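Numbering (our numbering), first residue to last: 59 to 322. Yeah, the Cβ is synthetic: ideal placement off N, Cα and C, and Gly gets one too. Computed from a predicted model, the values in this text were never measured in an experiment. Okay, so here's the structure we're looking at.
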Amino acid sequence: MDLNVDGLAVKVEGRGAPLLLVHGSAADLSTWAVQRSGLEAHARLLLYDRRGAGESPLREGERAPSVQDHARDAARVVEEIATEPVVACGSSFGAVVVLELARTRPELLRGMVLIEPPLAASDTGALLPPGLWESLERTAAESGGPAASEAFLRYVLGEEDVQRLPRLARARVLSRWDSIRRDCLALGDYRPDYASLSRVQTPALLLGGVRSPPQYAPTLAALGRTLPNAHVEQVPGMGHMLHADVRGHFNRRVLAFMESLPAP
Numbered sequence: 059m060d061l062n063v064d065g066l067a068v069k070v071e072g073r074g075a076p077l078l079l080v081h082g083s084a085a086d087l088s089t090w091a092v093q094r095s096g097l098e099a100h101a102r103l104l105l106y107d108r109r110g111a112g113e114s115p116l117r118e119g120e121r122a123p124s125v126q127d128h129a130r131d132a133a134r135v136v137e138e139i140a141t142e143p144v145v146a147c148g149s150s151f152g153a154v155v156v157l158e159l160a161r162t163r164p165e166l167l168r169g170m171v172l173i174e175p176p177l178a179a180s181d182t183g184a185l186l187p188p189g190l191w192e193s194l195e196r197t198a199a200e201s202g203g204p205a206a207s208e209a210f211l212r213y214v215l216g217e218e219d220v221q222r223l224p225r226l227a228r229a230r231v232l233s234r235w236d237s238i239r240r241d242c243l244a245l246g247d248y249r250p251d252y253a254s255l256s257r258v259q260t261p262a263l264l265l266g267g268v269r270s271p272p273q274y275a276p277t278l279a280a281l282g283r284t285l286p287n288a289h290v291e292q293v294p295g296m297g298h299m300l301h302a303d304v305r306g307h308f309n310r311r312v313l314a315f316m317e318s319l320p321a322p
């Protein structure tokens, strides 16, 4: 079923307990293809294109939605479609959105699955290595958006996983520098506020890939220490895009997590 919620393109598929899926940067709801084929018999999937991605346009005059804006959008989707609290799963930037949703609207969530949120591991830590953002902006200005997108991909995925991307998927990502830049600006303006996260009671499954670049593990560990009801797992053989695992490990883990939660 295709819906429009406050300008957001939404798809609802499957049957069962509701599972909200929030995609990361340079992506849209199509990134959840493995979940759409593997989970629709077990969960009611709520998928949407984040504002400024896919079929969800920016509002008139809007330049770069904040993390808080994206969390409010996610809340609208849940309020409009779900009849009970949901489990929310976010990949990368989407995981930051889900975390902010848990902080601000905990009544909407039964649980959350966070895949390697790109956050600093402390409120005073740096999100990016010194000079990386300036280098990306310079690359975009001198060599164009696709070149900047490729440099971004190498940082967030690692060289091995960049090379593994299917040709069409890679071309699609390289064309999305404007979207990548908006998400980077939003993250640059966002602070985790670990003190307030320590009061978030939502059960959380924090997933990382053993093959992922090294910047994600310290953040997962920090969140694991901070969130009162969190469990951290590192998935063998997987990288940052671990939800795209066609072998089904991620799907099985999400279902097991959902089944472990108290009924709403």
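Rounded to whole angstroms, the separation of the alpha carbons of Y252 and T277 is 11 Å. When secondary structure is reduced to three states using DSSP, E291 falls in the strand class.
Residue range 307 to 318 is occupied by the alpha helix (DSSP H) that includes R310. E174 has its alpha-carbon roughly 16 Å from the corresponding atom of P261. The DSSP-derived three-state label of E174 is coil. The beta carbon of L245 sits closer than 8 Å to the beta carbons of V125, F151, V154, P176, L177, L185 from its chain, once the five residues preceding and following it are set aside; these are given in chain order.
If you look at P76, you'll find it isn't in any alpha helix (DSSP H); it sits in the beta strand (DSSP E) that goes 75 to 80.
In the structure shown, the three-state DSSP call for V63 is strand.
Under the three-state reduction of DSSP output, G246 falls in the helix class.
Annotation: the continuous beta strand (DSSP E) that includes A146 extends over 144 to 149.
About 18 Å separates the beta carbons of A133 and L116, which is beyond the 8 Å limit, so they are not a contact pair. According to DSSP, E71 shares a beta bridge with L103. Taking C-beta separations shorter than 6 Å and ignoring five residues to either side along the sequence, the partners of L77 in its chain run A101, L103, V145, following chain order.
Counting along the chain, L87 sits inside no alpha helix (DSSP H), nor does DSSP assign it H or E at all. The beta carbons of K69 and L97 sit no closer together than 8 Å.
Residue pairing for A111: DSSP places it in a beta bridge opposite S114. It is roughly 16 Å from the alpha-carbon of E165 to the alpha-carbon of L285. A Cβ-Cβ separation of about 13 Å leaves H301 out of contact with D219 under the 8 Å criterion.
Listed as beta-bridge partners of G267 by DSSP are V293.
A buried status is given to N309, since no fewer than 16 other beta-carbon atoms sit within 10 Å of its beta-carbon. The Cβ atoms of S207 and A111 lie no closer than 8 Å to each other.
Under a 10 Å Cβ-count criterion, V312 is classified as buried, with 16 or more other Cβ atoms of the shown protein chains found around its own Cβ. Your pair R240 and P123 checks out as a contact, with CB atoms roughly 7 Å apart and the cut at 8 Å.
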